[in-house]
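Chemist: For the record, in the sequence shown the residue sitting at position 322 is 437 according to the working numbering, with numbers rising by one throughout. Ideal Cβ positions, reconstructed from N, Cα and C, are used throughout, including at glycine. The structure that follows is given in the form of structure tokens.
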Amino acid sequence: MKSKISIKELLKLEPIGEEVIVNGWVRTFRSNRFIALNDGSTINNIQIVVDFEKMDESILKSINTGAAIEIKGSVVESLGKGQKIEIDAKEIIVHGTCDPEAYPLQPKKHSMEFLREKAHLRFRTNTFSSVFRIRHAASFAIHKFFNDSGFYMLHTPILTGSDAEGAGEMFRVTTLDLKNIPLNEEGDVDVTKDFFAKETNLTVSGQLEAELGALALGKVYTFGPTFRAENSNTSRHLAEFWMIEPEIAFADLKDDMKLAEEMMKYILQHVITHCKDDLQFLHDKEIKEESQLPKDKRREMPLMERLSFVLQNDFTHITYTEAIDVLRNSKPYKKKKFQYPVEWGIDLQSEHERFLVEKHFKNPVIITDYPAEIKAFYMRQNDDGKTVAAMDVLFPGIGEIIGGSQREERLDVLLKKCKDFNIEEEHVWWYLETRKFGTCKHAGFGLGFERLIMFLTGMTNVRDVIPFPRTPQNAEF
Ligand code: 4AD
Ligand code: MG
Numbered sequence: 116m117k118s119k120i121s122i123k124e125l126l127k128l129e130p131i132g133e134e135v136i137v138n139g140w141v142r143t144f145r146s147n148r149f150i151a152l153n154d155g156s157t158i159n160n161i162q163i164v165v166d167f168e169k170m171d172e173s174i175l176k177s178i179n180t181g182a183a184i185e186i187k188g189s190v191v192e193s194l195g196k197g198q199k200i201e202i203d204a205k206e207i208i209v210h211g212t213c214d215p216e217a218y219p220l221q222p223k224k225h226s227m228e229f230l231r232e233k234a235h236l237r238f239r240t241n242t243f244s245s246v247f248r249i250r251h252a253a254s255f256a257i258h259k260f261f262n263d264s265g266f267y268m269l270h271t272p273i274l275t276g277s278d279a280e281g282a283g284e285m286f287r288v289t290t291l292d293l294k295n296i297p298l299n300e301e302g303d304v305d306v307t308k309d310f311f312a313k314e315t316n317l318t319v320s321g322q323l324e325a326e327l328g329a330l331a332l333g334k335v336y337t338f339g340p341t342f343r344a345e346n347s348n349t350s351r352h353l354a355e356f357w358m359i360e361p362e363i364a365f366a367d368l369k370d371d372m373k374l375a376e377e378m379m380k381y382i383l384q385h386v387i388t389h390c391k392d393d394l395q396f397l398h399d400k401e402i403k404e405e406s407q408l409p410k411d412k413r414r415e416m417p418l419m420e421r422l423s424f425v426l427q428n429d430f431t432h433i434t435y436t437e438a439i440d441v442l443r444n445s446k447p448y449k450k451k452k453f454q455y456p457v458e459w460g461i462d463l464q465s466e467h468e469r470f471l472v473e474k475h476f477k478n479p480v481i482i483t484d485y486p487a488e489i490k491a492f493y494m495r496q497n498d499d500g501k502t503v504a505a506m507d508v509l510f511p512g513i514g515e516i517i518g519g520s521q522r523e524e525r526l527d528v529l530l531k532k533c534k535d536f537n538i539e540e541e542h543v544w545w546y547l548e549t550r551k552f553g554t555c556k557h558a559g560f561g562l563g564f565e566r567l568i569m570f571l572t573g574m575t576n577v578r579d580v581i582p583f584p585r586t587p588q589n590a591e592f
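Structure representation (structure tokens):
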């Protein structure tokens with residue numbers, strides 16, 4: 116009896132002697148005899164052996180790279196090198212032909228920039244199929260980690276009237292006729308005529324709503340899309356990205372830091388265990404590519420070593436004030452190599468973060484207790500009156516991967532913060548009420564999912580770890 120089987124299962128089971136059906140896309144077809152077939156279930160191909168004398172000429176002609184085909188045949192031991200089994204083809208059905216002249220994915224190395232323009236097809240390359248299998252595994256690991264740790268997943272709204280981060284980088288959502296915008300007596304947009312009768316945007320974070328959930332369910336997390344209209348064309352910023360935001364009640368900053376480190380290590384361990392072939396491929400590719408770079412441009416460790424290094428070492432903890440001291444005593448500072456100033460009160464730039472993580476500590480670093488002015492209104496004020504109980508987790512090669520804090524749970528302090536940050540009480544009345552009715556210390560953080568995938572895969576541009584990146588001037592596909 117014939118049964119349909121994925122190439123991943125087939126290579127695992129090695130059912131020699133059995134009749135099977137496999138589907139996939141042709142990677143190569145050599146000597147009118149050997150097809151390397153891939154179905155996306157694994158990075159590995161299965162070799163199909165074709166008896167060209169018994170095959171229909173027209174079918175043979177249409178087996179080109181990229182074609183979608185179905186093979187019926189028996190599994191046999193392979194005599195060739197590089198594979199244990201192969202399929203002796205009895206029947207080939209061509210589901211979709213592929214014009215080899217027009218197919219953009221030629222059997223040669225393509226640049227990442229070129230493949231970004233072919234994002235509809237790039238899943239079919241080894242690199243991108245590996246990245247997206249790892250992305251899946253990381254997503255699964257996150258849900259499993261939180262589920263097994265007693266968290267409840269909460270779906271927070273995507274359309275919202277509030278700006279959690281207060282950075283004002285939001286995408287406006289409206290159904291008003293842009294050619295005929297209703298105005299009020301003051302000449303401003305009459306938002307009462309809009310769909311929600313108030314100004315709404317795409318969310319920048321699910322945190323404020325997650326806090327409401329945590330203050331009843333105890334431990335919650337969100338895993339959703341977030342949107343930022345920041346016009347920064349960097350290799351680490353997207354206009355649409357996915358964020359994981361846990362929130363825990365009866366917890367302080369120390370608990371928050373512990374949770375962040377445990378979560379990161381759990382994800383790493385899961386991916387190392389379940390994505391061996393894909394990691395090995397990306398690891399080898401990275402070594403090959405970096406061998407062409409000058410020594411000082413190469414990364415200190417190749418991919419798989421980086422992952423186990425982070426897994427095996429405790430994260431470094433320093434305060435913002437200590438970080439400023441380290442930076443001001445550093446060689447690049449004294450030699451005026453930093454482009455941006457370093458003084459207490461300024462926000463750390465990525466050149467500073469990278470120096471701390473990659474050159475000074477050579478380890479993931481958690482920086483805590485930032486000046487209140489450079490952080491969001493909801494962060495808990497420390498007793499010194501100047502700093503807040505914030506934390507940023509910095510990773511080698513990535514910079515900031517997590518941002519979080521203990522939350523301000525004291526109503527009077529929070530009301531003053533709203534005033535200082537020009538946040539109108541009537542916009543966040545629901546948030547403030549949780550501080551009136553059974554408030555308690557609580558904390559949480561946000562992990563940027565794409566930055567995590569960059570770390571896990573060694574990809575150096577955030578556009579190459581999300582299926583269809585949204586960046587300034589670009590929303591194709
Ligand atoms: O530091 P951020 O802005 O923190 C928050 O949004 C908090 N509300 C999180 C919380 O406490 N619940 O963002 C969190 C993380 C960053 O550390 C970064 O990894 C990622 O989200 N991130 C981005 N990733 C890709 N593109 C962007 N434009 C990003 N902005 C932030
Ligand atoms: Mg941040």
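1) Does DSSP put R522 in a helix, in a strand, or in coil?
2) Is it buried or exposed for P456, if we count other Cβ within 10 angstroms and need 16 for buried?
3) Taking 7 angstroms as the cut-off, is the C-beta of M358 nearer than that to any heavy atom in the ligand 4AD?
4) Please state the DSSP three-state secondary structure of A183.
5) Using the beta carbon as the reference atom, which residues fall closer than 7 angstroms to any heavy atom of the ligand MG, ordered along the chain?
6) Tell me S118's beta-bridge partners as DSSP assigns them.
7) Give a yes or no on whether the C-beta atoms belonging to L594 and V304 are separated by under 8 angstroms.
8) Please state if the CB of Q162 and the CB of S193 are separated by a distance shorter than 8 angstroms.
9) Sorry if obvious, but does the Cβ on M232 come closer than 7 angstroms to a heavy atom of the ligand 4AD?
10) Please identify the residue among L422, K474, V135 whose C-alpha is closest to the C-alpha of S445.
11) Compare the C-alpha of G155 against each of S189, T240, N346, Q521 and name the closest.
12) Which value, in whole angstroms, describes the spacing of the CA atoms of D429 and H270?
13) Note down the Cα distance separating W459 from E355, rounded to an integer number of angstroms.
14) According to DSSP, which residues form a beta bridge with P113?
15) Exposed or buried, which one is E173 when buried takes at least 16 other CB atoms within 10 Å?
16) Tell me whether H210, by its Cβ, gets closer than 7 angstroms to a heavy atom of the ligand 4AD.
17) Report the rounded CA-to-CA distance for N346 versus K259, giving the unit in angstroms.
18) So does E345 have its beta carbon nearer than 7 angstroms to some heavy atom of the ligand 4AD?
19) Report the CB separation of W142 from L128 in whole angstroms; it is logged as a contact under 8 angstroms.
20) Using only CA atoms, which one of I482, E168, T431, K400 lies nearest to D462?
21) Following the continuous beta strand (DSSP E) through P456, name the residue where it begins and the one where it ends.
22) Could you check where the beta strand (DSSP E) with V335 kicks off and where it finishes?
23) Is T318 helix, strand or coil when you go by DSSP?
24) Taking the Cβ atom as the reference point for each residue, do H467 and F453 lie within a distance shorter than 8 angstroms?
25) Any beta carbon of chain B sitting closer than 8 angstroms to that of T549?
26) DSSP state of D507, grouped into three classes?
27) Using the three-state DSSP reduction, which class does N346 fall into: helix, strand or coil?
28) The ligand 4AD heavy atoms versus the CB of F476: any closer than 7 angstroms?
29) When DSSP labels each residue in this structure, what does E206 get in the three-state scheme?
30) Do the segment 228-248 and the segment 360-380 touch if we need at least three Cβ pairs shorter than 8 angstroms?
31) Between which two residues does the beta strand (DSSP E) carrying N153 extend?
32) Within its chain, find whatever has a CB closer than 7 angstroms to the CB of K148; leave out the 5 residues flanking it on each side and keep chain order.
33) Quick one: any contact between the segment 498-515 and the segment 550-570, if contact means 3 or more CB pairs under 8 angstroms?
34) On the three-pair Cβ rule with 8 angstroms, is the segment 337-346 touching the segment 308-321?
35) On the DSSP letters alone, give me the boundaries of the alpha helix (DSSP H) that E228 sits inside.
36) Would you say the segment 357-366 touches the segment 540-560, given that touching needs at least three Cβ pairs under 8 angstroms?
Modeler: The structure says:
1) strand
2) exposed
3) yes
4) strand
5) D507, E515, G518
6) V135
7) As shown, the chain starts at 116 and ends at 592. That puts residue 594 outside it, with no answer to give.
8) yes
9) Sequence inspection shows Glu at residue 232; the Met mentioned does not correspond to that position. It does not: the Cβ of E232 is nowhere closer than 7 angstroms to a heavy atom of the ligand 4AD.
10) K474
11) T240
12) 32 angstroms
13) 32 angstroms
14) With the chain covering 116 to 592 only, the question about residue 113 has no answer from this structure.
15) Correcting the residue identity first, residue 173 is Ser in this sequence and not Glu. Result: exposed.
16) no
17) 35 angstroms
18) yes
19) Per the sequence presented here, residue 142 reads as Arg, with Trp not at that position. Wrong, their Cβ atoms sit about 21 angstroms apart, outside the cutoff.
20) I482
21) Neither: P456 is in no beta strand (DSSP E) and is coded neither H nor E.
22) 334-342
23) coil
24) yes
25) The chain labelled as chain B is not found in the depicted structure, where only one protein chain is given.
26) strand
27) coil
28) no
29) strand
30) no
31) 149-153
32) Position check: residue 148 holds Arg in this sequence, whereas Lys was assumed. Cβ neighbours of R148 beyond the five flanking positions: V164, V165, F167.
33) yes
34) yes
35) 227-232
36) yes
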